[in-house]
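Q:
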Amino acid sequence: MGSCGRTGTVRQYIRSKVPRLRWTPDLHHAFVHAIDRIGGPEKATPKLVLQMMDVRGLTISHVKSHLQVLFFIIFLLFFI
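The sequence shown begins at 26 in the numbering used here and counts up by one.
#1: For the alpha helix (DSSP H) containing V74, name the first residue and the last one.
#2: Kindly list the residues whose CB is nearer than 7 angstroms to the CB of H91, restricted to its own chain and excluding five residues on each side of it in sequence; keep chain order.
#3: Where do the ends of the alpha helix (DSSP H) carrying S86 lie?
#4: Flag this pair as yes or no: are the beta carbons of I63 and M77 separated by less than 8 angstroms?
#5: Using only the alpha-carbon positions, how far apart do V74 and A59 sit?
#6: So the candidates are V88, V35, K42, Q37; which of them puts its Cα closest to the Cα of P66?
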């Protein structure tokens, strides 16, 4: 499963160019507040959340990732 093609070699891991972000409680609060202002997680898009948060250095990739985590937690709480 971890091999690439028929040669049996393992594909090299390529680090993302986007710096890793630590979601502090204040940053997470701004994230949740932005989602609430948009109308909830069902209506929130990464681009809208990013615009509403207006945090310097925050990228759409950071917001997309955090939204995925939020949706996963909501799924666990309500569907399992």
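Beta carbons are placed, not taken as given, at the ideal position from N, Cα and C, and that holds for glycine.
A: Walking through what the data contain:
#1: Counting from 1 along the sequence shown, the entry for residue 74 is found at position 49. Judged by DSSP secondary structure, V74 falls within the alpha helix (DSSP H) whose first and last residues are 71–78.
#2: The residue given as residue 91 occupies position 66 in the sequence shown. A distance below 7 angstroms between beta-carbons, with the five flanking residues on each side excluded, links H91 to the following residues of its chain, in chain order: W48, F56.
#3: In the sequence shown, counting from the first residue as 1, residue 86 sits at position 61. Unbroken alpha helix (DSSP H) run through S86: 85–104.
#4: In the sequence shown, counting from the first residue as 1, residue 63 sits at position 38. In the sequence shown, counting from the first residue as 1, residue 77 sits at position 52. Result yes, Cβ atoms of I63 and M77 sit closer than 8 angstroms.
#5: Translated into positions along the sequence shown, residue 74 becomes position 49. Translated into positions along the sequence shown, residue 59 becomes position 34. For V74 and A59, the distance between alpha carbons rounds to 6 angstroms.
#6: If you number the sequence shown from 1, residue 66 lands on position 41. Distance from the Cα of P66 is smallest, within the candidate group V88, V35, K42, Q37, for V88.
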